[in-house]
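What follows is a short report on a single structure.
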Amino acid sequence: MHRFFIFLYYLISRNKILSVFTALGIAAICLFFASKINFEEDINQIIPKSEKSDLTAKVLKQLNFSDKIIVIIENKSNEDSFQLSETADTFLQKIAPLQKYIGSVQGKVNDNEISETFDFVSQNLPLFLNENDYKEIERKLQKDSIAQQVESNYMSLVSPTSLVTKEFIKKDPLGLTFLGIKKLNALNISKDFKLEDSYIVTKDGKNLLLFIDPKNKSNDTKDNEFFVDQLTSIKDNLNKQFKGKTEISYFGSPVIAVANAKQIKKDIQNTVMISMTVLLILLIYYFRNFFTPIIVFLPTVFSVLLALLILYFIKDKISAISLSVGAILIGITIDYALHILTHYKHNNNIEELYKEITQPIVLSSATTAVSFLCLVFVRSEALKDLGLFAAITVILSSISALIIVPQLYKPKHKEEKLNTNFIDKIGSYPYEKNKPLIIGCSVIILACLFGFRHVGFNEDIGDLNYIPKEMKISEAKLQKLSDITSKSIYTISYGNSEEEALARNSKLSSFLEQEKKEGKILSYNSIGSVVLSEKDQQRKIKEWQNFWNGDRKNQTISELVSNGNKFGFNSSAFDNFNEILNKNYSTLDLKDYEKVKALQISEFMSNENGFYTVSNVVKVDEKKRDTFIKDIEKKHDALAIDRQQMNENFLGLLKRDFNTLINYSLLAIVLTIIVFFRNFELTVLTMFPIVLTGVVTAGILYFLGLELNIFSTVVCTLVFGVGDDFSIFLTQAMQKEHTTGKNELPTYRTSIILAVFTTILSIGSLIFAKHPALHSLALVALIGMFSVIIITSTLYPFWFRFFITNRAKKGLSPITFRLLLNSIISFLYYGLGGLIFSAFGSFFVKNSKGKTLDIIKLILAKFLTSVLYSNPFVKKKVIKNLNEDFSKPAVIIANHTSFLDTLAIAMATHKIIYLVNDWVYQSPVFGRLVRALGFYPVSQGIENGMEQLKEKIAQGYSLVVFPEAERSYSNDLKRFHKGAFYLAEQFDLDVLPLYIHGNSEVLPKGDFIIYDGSITVKVGERISKDDLSFGKNYSERTKKINAYYRNEFAKLREEIENENYFKKQLFLSYLYKDSEVVTEVKKDFNTNKSVYFELNKHIANNANILHMADDYGQKDALLTLFQASRRMFTLINNDNKRATAAHNYLVKRRKIQYIKDLSEVNKKLDVLLISDDNFNIDILQELPDTVIFVNTKNLRFENENYTLKFSSEAIKVFKTE
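Quick look at the structure:
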């Protein structure tokens, strides 16, 4: 991958002018198309889609919530005669110039509006009457009632109020219109108010309320800002003018929204100014380059433009919300440029730079992009847009940074002095070696593991609003005055036609009235009983006609005239009423209702694209809220929306979407890292800090009593993205250290620290913000970023070295999780079984003899064998000797390379007594049983145990002795000690060889991991005590049997060890190294394994070899794995390859030395092995007896002193005459 960017670098370097114009051209094209993008500003695009939520979003889009500005005029005067209306009149005059921002002002009722409303109801009276009204009318039509009403009318007409009542009485002498007007009570604001001087005032007359309905929505803060500023100015001036008499204050969503917008703008301006200043100073200080900040931001700007260009062609509309959130998230993209700059500063070799930085940057951006792309599977349109925009931007940023930054930044020559500034010093400090820091971090992590699950999520968006102090005071005032500010539930009927919506709303209104009577709701405001569907209107008119039959009309008029004559009314006084009774009523359409201002139809009804909604406001007790909402949605074609609950539900849905995102992201990140690293263990190690960061962040929030909210959740995604990048970069650094031994952790850590600084300065500085949302966002960012940097800088290197690097330094093979798990299972099985056998078996053994004891030993042998079979990846085989049944006691000798040797012998026979070391004799697992079975500790001296051993031999048991006395690190046999042969001589016993093969590879000395492989136990030929060919005494027999054993064991090895035998061990030795190294080693082995197997046959077992190579040390490893006695001096000219070869754990276990110069060879050479096709053999002044060429097609060797002894396509062996 890095080769492509190196090629591109040189291509651009050679064509700089063309490249600049190309880049400017691309930027211009991007800007042009970006300006053409259509942005969707609908907040409902965030709502996850479903059948119900689609309908909810559709309703919400056109629902007119009461986002009014409430003007409170409070009486501060001690004079009882002072009228609040005076201030109200002045206020209305002052706001007159702001009419373009005002939809309407409610709170003042004009006389002509009252008359207009009365006439409308009177002229359409049947539409406002119900069944109960007709019962009341029947009562009114009784003779005594009519007489009483006529008398009451007369008294009103002769009173001073006749100017007001005269027209009303003339039109409706029986007051039937007032029955209809009662239906308008359902439209009232609240029962806590009254009309005074044509204004709405509280019942105590001390507060007057006006309601301003702005033309712009609450979230349109840009236009509302000027309007609210003007209102504030008017308020301040009038409060000065009427000081001591009245005080004006405001409350309402538009005012709060403007206050939020102003505070956010102020907070961001202040913090950005501070953070950008500090960041610029920091970058200029560290890189010693004034233009560095421009270079840092340039790739991100370029990638954003390219992302917008791509989105223009694949999306019709883009959610503005998603772009704003995405803008925060893509802040991590500047980290890519910082990583490149830091590495370039420390290593100004462009090819090495690309080699070490390309993979981690591309992998970091790929994992981040893939996690964002997971948003495509979430049902929210806004989140889909966010995913696409962020993913495209992130991946393009990494590519742009790799192309642009090395072209623009030219570091000075590599400085010899390190730690030149405080950032380098911070980066170079070995945090992973600070034990108190590691212990402290571990304690915090353990605590957070118990707390992170309990961190809360605040779904109340109200807590995230910035509410100025004066707004809180106004809200408190309103709460005292009425329930205006209390929670309301909106019940919305809807339909695809006006008729359908109104019909449904009429049924809903009847249901609400019934609920109110039953005490299930407190009150409601609805036009359901006022604005009716055509069908309902026709039904009402029919009821009117049925009620007023001819006889009832005539009788009523007659009674009115008769009683009117008594008070001087002439017969024409009731003509208007007679016309009402005989009028042919017709149905009304919506426009007729809208003509009556007092009805405020627009407050309740809306229509968009043929979709109609009718809203009702219901006051309900909190305890009955859930039941009421369920009843509404179950029994009616309506939606019940608790506005606060709606926000909480939508935020809850968003929370679940982000939870889904995290789950999808983790899976996607894991898969992406696996593809890049091609290693499950490295993937898990890389992911571990990311998961821990989330746990620690959530845990600390819990212990601090803080909660997450929707904004801080987004920041958590940013923190995880940053943590993901840091983990990948540190994995690269640790992998590089494991590969070559070179510690580049300080450079990587420095680039990470710079990235942390930028994030903390850009987002963390918002901690000083006064806006709650920004403050909470910054708090989580700070906690998260500090968690990331501490875990990745301290614990992650510690874990990597503990599990991988340090094992290689100790001469132990790298391991996999499977190997570790298999080993733990086998050892647990062995340990638990051993404890049980030791506890119970020792009791039975003490009192057992003969067959009983033999059975116990057989059971123990079967158990030890089962331990080996507990690992299915280790093959087991016993090569039996048909002439041997172990019935005759002998001294059994076996090679000793592993802890498993004693278990392997149990596969051959159980009739044995071991001579053991003290650690076995005193073992907490098997100690008691070992002692009870008569095993003998060699530390007590053979002389002291002769009688005990003699007794066991007499019982038919053989003695097992490992004549090497200690385990070997390799499959090479050590010199035999004389003890075993002394015992054989003393007890007059035969010697029986057992050959154990494979344990040195399956469980090497000093390790606790059981590796894949095979264990073979071969029962050899018994060496009779009378066979003098092996010597006459135990000293002679020791040497000769040792030689015989070596020879037989070598034959066994030849049978078992084929060209693939050491394949797994070789590959494991390169595990976790750079993928380029691993790929090359595997490819080389799979191609040349038969060649190397053949090569092994042409080199003596104990040869001193000078190897001229150009590989990663795999040939040296194989040659010394085949024969551990060989000594290798290897010269590799390539520094990187030589360092990689030298940093193999096998170098610690085998005699391999990597040299830079031939003068370092300090042994007489037996073989010159040449596998480097570019090596010039003429530089060697003296050649050993054997010269071997392997895969060197271009080399020719002509020397009269050497003869070609073996030749194949790949191998040429020359030896001296």
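Residues 1 to 1217 (the UniProt record's numbering) are what the sequence shown spells out, left to right. All C-beta atoms, glycine included, are put in the ideal place defined by N, C-alpha and C. Since the structure is predicted, the reported quantities are computational estimates derived from the model, not experimental observations.
Exercise for review: Kindly indicate the opening and closing residues of the beta strand (DSSP E) around Asn1086.
Suggested key: Taken as a continuous stretch (DSSP letters only), Asn1086 belongs to no beta strand (DSSP E), being part of the alpha helix (DSSP H) at 1075-1097.
Point to revise | For residue 1219, the nearest candidate out of Asp236, Leu1183, Thr367 (CA to CA) | key: Because the chain spans 1 through 1217 in this model, residue 1219 falls outside it and cannot be assessed.
Review point. Below 8 Å, can you find three or more Cβ-Cβ pairs linking the stretch 352-366 to the stretch 778-788?
Key: no
**Study point:** Boundaries of the beta strand (DSSP E) in which Ala1109 is found, first to last residue
**Key:** 1104-1109
Review point. Between the stretch 1102-1113 and the stretch 1042-1054, do three or more beta carbon pairs fall short of 8 Å?
Key: no
Point to revise | For Ile69 and Pro293, the rounded distance between their alpha carbons | key: 46 Å
Check your understanding: In the DSSP assignment, what are the bridge partners of Ala640?
Key -> Thr491
Point to revise | C-alpha distance - Glu1200 paired with Ile674, whole-angstrom precision | key: 55 Å
Review point. Would you say Leu129 and Thr177 are within 8 Å of each other, going by their C-beta atoms?
Key: no
Check your understanding: Any contact of the stretch 897-907 with the stretch 960-975, i.e. 3+ C-beta pairs under 8 Å?
Key -> yes
Check your understanding: Where does Lys1018 fall in DSSP's three states?
Key -> strand
Point to revise | Alpha carbon of Arg1127 to alpha carbon of Glu1160, nearest angstrom | key: 13 Å
Point to revise | Distance between Leu446 and Ala984 (C-alpha atoms, nearest Å) | key: 59 Å
Review point. Quick one: what's got a C-beta closer than 8 Å to Gln732's C-beta in the same chain, skipping five residues either side?
Key: Glu356, Gln359, Pro360, Tyr748
Review point. To which residues of the same chain is Ile789 closer than 6 Å at the C-beta, ignoring the five residues directly before and after it?
Key: Val756
Review point. For Thr909, which of helix, strand or coil comes out of DSSP?
Key: coil
Check your understanding: Can you give the Cα-Cα distance for Val920 and Gly1113, rounded to whole angstroms?
Key -> 38 Å
**Study point:** Ile281 burial status per 10 Å Cβ neighbour count (16 or more: buried)
**Key:** exposed
Point to revise | Local conformation of His896 per DSSP, three classes | key: coil
Practice item. Could you tell me the distance, in whole angstroms, from the CA atom of Val121 to the CA atom of Glu498? Key: 21 Å
Point to revise | Residue range of the unbroken alpha helix (DSSP H) whose run includes Asn607 | key: Taken as a continuous stretch (DSSP letters only), Asn607 belongs to no alpha helix (DSSP H), being part of the beta strand (DSSP E) at 605-608.
Check your understanding: If we count the other Cβ atoms within 10 Å of its Cβ and call it buried at 16 or more, is Leu306 buried or exposed?
Key -> buried
Practice item. Evaluate the contact criterion for the stretch 335-342 versus the stretch 387-406: three or more CB pairs, one atom per stretch, below 8 Å. Key: yes
Check your understanding: Taking Cβ positions, are His977 and Pro963 nearer each other than 8 Å?
Key -> yes
Review point. Under three-state DSSP, which class holds His997?
Key: strand
Review point. Tell me the DSSP bridge mates of Thr1130?
Key: His1107, Tyr1154
Exercise for review: Consider the C-beta atom of Ile1105 and the heavy atoms of the ligand FAD; say whether any pair is separated by less than 7 Å.
Suggested key: As far as ligands go, the structure on display features none, and thus does not contain the ligand FAD.
Check your understanding: Applying the criterion that 16 or more other CB atoms from any shown protein chain within 10 Å of the CB defines a buried residue, is residue 1295 buried or exposed?
Key -> With the chain covering only 1 through 1217, there is no way to say anything about residue 1295.
Review point. Given 8 Å as the limit, is there contact between the stretch 720-730 and the stretch 788-803, that is, 3 or more CB pairs closer than that?
Key: yes
Review point. Can you name the start and end residues of the beta strand (DSSP E) that Pro772 belongs to?
Key: No beta strand (DSSP E) holds Pro772; the alpha helix (DSSP H) holding it covers 772-790.
Point to revise | Nearest residue (CA-CA) to Ile905, options Phe840, Ser1069, Leu959, Tyr585 | key: Leu959
**Study point:** Same chain only: Cβ atoms within 6 Å of Arg1212, ignoring 5 sequence neighbours per side
**Key:** Reading the sequence as shown, one finds Lys at residue 1212 and not Arg. Phe1189.
Review point. Between which two residues does the beta strand (DSSP E) harbouring Phe1008 extend?
Key: That residue, Phe1008, is in no beta strand (DSSP E); it is neither H nor E in DSSP.
Exercise for review: Pull up the CB-CB distance for Ala1117 and Asn1144, whole angstroms please, since I reckon it's below 8 Å.
Suggested key: 6 Å
Review point. What does a CB cutoff of less than 7 Å around Asp988 pick up in its chain, not counting 5 residues either side in sequence?
Key: Lys1025
Check your understanding: Whose C-alpha, out of Ala259, Ser665, Lys36, is nearest the C-alpha of Met471?
Key -> Ala259
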